[in-house]
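Read in full-length UniProt numbering, the sequence shown has 16 at position 16, and its numbers run on one by one without any break.
Positions of the beta carbon are idealized from the N, C-alpha and C atoms, including for glycine.
The block underneath contains the structure these notes are about, expressed in structure tokens.
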Amino acid sequence: MKVFIVGASGLVGSHCLAHFKEQGWIVKGSHCNFATDTTCYYNTLQPHNDQNFDVVSFGPEVIVHCAALTNVDYCENHEKESYEHTLESTRHVCELAIKCGARVVYISTDYVFDGNSGPYQENDTPNPINVYGKHKFLAEQLVRTSVIDSLVLRVTNVYGDEARGKNFVARIIQHCHQKQPICLKLPYDQFATPINANDIARAMFILLSDKKAGIYHLASTDYMNRVELGRRTLSYFPDAEFMSIEPVDSTTMKQTATRPLVGGLLKVKFATEYPTFVFNSVDNYLSSTTKTSISIRENKT
Numbered sequence: 001m002k003v004f005i006v007g008a009s010g011l012v013g014s015h016c017l018a019h020f021k022e023q024g025w026i027v028k029g030s031h032c033n034f035a036t037d038t039t040c041y042y043n044t045l046q047p048h049n050d051q052n053f054d055v056v057s058f059g060p061e062v063i064v065h066c067a068a069l070t071n072v073d074y075c076e077n078h079e080k081e082s083y084e085h086t087l088e089s090t091r092h093v094c095e096l097a098i099k100c101g102a103r104v105v106y107i108s109t110d111y112v113f114d115g116n117s118g119p120y121q122e123n124d125t126p127n128p129i130n131v132y133g134k135h136k137f138l139a140e141q142l143v144r145t146s147v148i149d150s151l152v153l154r155v156t157n158v159y160g161d162e163a164r165g166k167n168f169v170a171r172i173i174q175h176c177h178q179k180q181p182i183c184l185k186l187p188y189d190q191f192a193t194p195i196n197a198n199d200i201a202r203a204m205f206i207l208l209s210d211k212k213a214g215i216y217h218l219a220s221t222d223y224m225n226r227v228e229l230g231r232r233t234l235s236y237f238p239d240a241e242f243m244s245i246e247p248v249d250s251t252t253m254k255q256t257a258t259r260p261l262v263g264g265l266l267k268v269k270f271a272t273e274y275p276t277f278v279f280n281s282v283d284n285y286l287s288s289t290t291k292t293s294i295s296i297r298e299n300k301t
């Protein structure tokens, strides 16, 4: 299969690029602001930019849209920019897909729900409560109504290896390695279902191979709040006494955008169709990561 990945220098996109290539697919991945050795330039807000990779000539059967403006508070304060990077970007991706005769995979979020009664299944009614969630939900609808056989994958709290180490778990690990004294104030009332980016890539590969369409929720076996996720990560670094976690409620944090509190996703649909698929847990990842780090340090000594 021939696939073009928008946003392949980011967390989810980079794992899709690597996994699809490992499986023998013909894949090109793009970047916009963060270039890597394995990606080409493509600006979804400037589809006629002369510097853009020639996607039409490449002729993908699938376009995976991973690029996103994910800073929820920034989106709340910059609604126009959020609209452009989420809605207009997706509109251009859909137009490109139609021109190529390609399907679209759109990466979405549990923020399309209000967080009053999660974790959520695919047939639960979306009710976003912040700008980011509203724009992601509108983008979902745009993809599903514009492109035949499109696929929407909702995920949340994504972690894993990435070049910039921007995800929550990766940032804590960096602080531990760099021995940076810090006290993290984390909400104990925001619950979600963390998932490894590599599992998203593995699940997407199967869904695309089987020509699945519609909405799928992807989640691991973990369901925890931010405090629990932070403490779980720190538990693998017993010498990181210079780091501490202070549990607070969401009201105390005074975040600009309202968060869904009882959020997260239930993968009932995916698990029913693929009962033998095994998702990794946060512990799986942290155990593997810390063992790798120890091995690297030992080889340097």
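Under 8 Å between C-beta atoms of residue 163 and residue 258: Taking C-beta atoms as the reference points, residue 163 and residue 258 fail to come closer than 8 Å.
Just grab the DSSP bridge partners of residue 22 for me. Per DSSP, none; premise fails for residue 22.
What three-state label does DSSP hand residue 294 in the structure shown? Its pLDDT being 46, under 50, residue 294 is placed unreliably by the model, and the measurement read from it follows with that caveat. Shown here, residue 294 sits in a helix according to DSSP, grouped into three states.
Beta-carbon proximity check, residue 65 vs residue 90, cutoff 8 Å: Their beta carbons are under 8 Å apart, which means residue 65 touches residue 90 by this criterion.
In three-state DSSP terms, what is residue 304? The requested residue 304 is not part of the displayed model; the chain covers only 1 to 301.
Which one of 18, 146, 283 has the shortest CA to CA distance from residue 229? Closest option to residue 229, Cα to Cα, is 283.
How would you label residue 300, buried or exposed, when you count the other beta carbons within 10 angstroms and need 16 or more for buried? Its pLDDT being 47, under 50, residue 300 is placed unreliably in this model, and the coordinates cannot settle the point.
If contacts are defined as beta-carbon pairs under 8 Å, then residue 224 and residue 176 qualify, I think. What distance do you get, rounded to the angstrom? The Cβ separation is near 19 Å, so there is no contact.
Apart from the five residues on each side of it in sequence, which residues of its chain come closer than 6 Å, Cβ to Cβ, to residue 133? Cβ within range, chain order: 111, 112.
According to DSSP, is residue 263 part of a helix, a strand, or is it coil? Coil at residue 263, not helix or strand.
In this structure, what does DSSP give as the bridge partners for residue 192? Answer is 224, bridged to residue 192.
With a CB to CB cut of under 6 Å and the five nearest residues on each side skipped, what residues in its chain are close to residue 140? Excluding positions up to five away in sequence, the list reads 108, 152.
So the beta strand (DSSP E) residue 131 belongs to, where does it begin and stop? Looking at the DSSP string, residue 131 is not in any beta strand (DSSP E); the run it does join, the alpha helix (DSSP H), is 131-146.
Rounding to the nearest angstrom, what Cα-Cα distance links residue 173 and residue 221 in this structure? Take the alpha-carbon of residue 173 and the one of residue 221: they are about 21 Å apart.
Looking at residue 285 and residue 159, is the spacing between their C-beta atoms short of 8 Å? Taking 8 Å as the cut-off, the Cβ atoms of residue 159 and residue 285 count as close.
So, does the CB of residue 239 fall closer than 8 Å to a CB anywhere in chain D? In the structure shown, chain D does not exist; there is a single protein chain.
Out of curiosity, what's the CA-to-CA distance linking residue 169 and residue 126? The alpha-carbon of residue 169 is positioned some 27 Å away from that of residue 126.
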